[in-house]
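Single-structure report; data block below.
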Amino acid sequence: MEIGVRDEAASLGIFIAYASVEGVKVAPTTDDSFMREAAEELRSKYTLQSLKEDPVVRAYRDFYWRIGIDPTKTRPSSEAMVRRVLKGRHFPKINNVVDAGNVASALTLVPIGLYDLDRISGKLEIRLAREGEIFRPIGGGEEVLRGGEPVIADEEEVLFLYPHRDSRKTMITESTTRVLVVGAGVPGVEVPRVRRAANLSVDLIIRNAGGRRASETRLAP
């Protein structure tokens, strides 16, 4: 699958690295050794203060301010996950695919989106939201977008409020067998880091949920 990027979104400096995995078997995570190892690595590398000052974290925070989100109230997902670990809590356990993405995101500080490929309708595109467009986030409810927010959408609806919230339409469930992995880049974050985040997600998904890589990692734009 190729993901298009409209000029209006590209002008914000956003970019993605994406790949896909097929043949996965979604289930609860049983062997959480990779989560414990990641938590130890993060605690040896960061403090809450040094995390706040990390240039990658600052880049995502700056982008949040730019698109009208206060990152001290709604933190970038990757930063929020690391902060959780640094405060002595464990990685959340959702399922073996989502858990893999969360660990990859925390280790690279890059937000990761995971989507059920079989629930995507038509082509995917990175664009700006239209005023009044509806977003249905994981967790329920509906949100009316003001217009101008960067999003990833299929031909029916918004799937990713870039770069921090996913739609329940394409969320990973026990019936998922094919997964699209998206690493979300913003200005100030190097392309190789975002590509590495996507690749690490793929590797951890295959390690924990089986399956095989179905496509090489691509960049857009």
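The opening residue of the sequence shown carries number 33 in this note's numbering; numbering runs sequentially from there.
We put the CB at the ideal spot given by N, CA and C, even for glycine.
Remember, predicted model here, so these are calculated numbers, not experimental data.
Just reading off the beta strand (DSSP E) that residue i is part of, what are its end residues?
| i | result |
| --- | --- |
| Asp94 | No beta strand (DSSP E) holds Asp94; the alpha helix (DSSP H) holding it covers 87-98. |
| Leu160 | 156-160 |
| Ala51 | 47-54 |
| Leu141 | First-last for Leu141: undefined, no H or E at that position. |
| Ala252 | 250-252 |
| Ile152 | Unbroken run through Ile152: none, as it is neither H nor E. |
Alpha carbons only, please: which of the options is nearest the one belonging to residue i?
| i | options | result |
| --- | --- | --- |
| Glu13 | Asp39, Gly172, Leu177, Asp186 | Because the chain here runs from 33 to 253, residue 13 falls outside it and cannot be looked at. |
| Arg136 | Glu34, Phe66, Phe167 | Before going on, a small fix: residue 136 reads as Ala here, not Arg. The option with the nearest alpha carbon to Ala136 is Phe66. |
| Ile166 | Ser153, Leu149, Leu193, Arg151 | Leu193 |
| Lys22 | Leu141, His122, Arg225 | The structure shown does not extend to residue 22, since the chain is modelled only from 33 through 253, so no value can be given for it. |
| Val182 | Leu139, Val221, Phe95 | For the sequence presented, residue 182 should be read as Pro rather than Val. Among Leu139, Val221, Phe95, the Cα nearest to that of Pro182 is on Phe95. |
| Arg159 | Leu146, Gly173, Ala185, Leu149 | Ala185 |
| Gly179 | Ala161, Glu188, Pro169 | Ala161 |
| Ile204 | Glu157, Ala252, Leu149 | Leu149 |
Go to residue i, then tell me how far its alpha helix (DSSP H) extends in each direction, as first and last residue.
| i | result |
| --- | --- |
| Phe66 | 65-77 |
| Asp224 | Checking the displayed sequence, the identity of residue 224 turns out to be Pro instead of Asp. That run of the alpha helix (DSSP H) goes 223-241. |
| Arg116 | 109-118 |
| Ala216 | It is not in any alpha helix (DSSP H) - Ala216 instead sits in the beta strand (DSSP E) that spans 210-217. |
| Ala185 | Not the alpha helix (DSSP H): Ala185 falls in the beta strand (DSSP E), residues 182-185. |
Check whether the Cβ of residue i lies closer than 6 Å to any heavy atom of the ligand GDP, and answer yes or no.
| i | result |
| --- | --- |
| Ala49 | No copy of the ligand GDP occurs in the structure displayed, which carries no ligand at all. |
Per DSSP, which residues does residue i bridge with? Please list them.
| i | result |
| --- | --- |
| Phe167 | Glu175 |
| Ser43 | In the DSSP output, where bridge partners are listed per residue, Ser43 has none listed. |
| Ile35 | Leu156 |
Could you tell me whether the region 193-213 touches the region 231-243, where touching means 3 or more Cβ pairs closer than 8 Å? yes
The region 102-116 contacting the region 41-59, beta-carbon criterion three pairs below 8 Å: No, the region 102-116 does not touch the region 41-59.
Please determine if the region 214-222 and the region 115-135 are in contact, where contact requires at least 3 C-beta pairs separated by less than 8 Å. At 8 Å Cβ cutoff, the stretches do not touch.
So does the region 68-87 actually touch the region 121-138, counting three or more Cβ pairs closer than 8 Å? A contact exists between the region 68-87 and the region 121-138.
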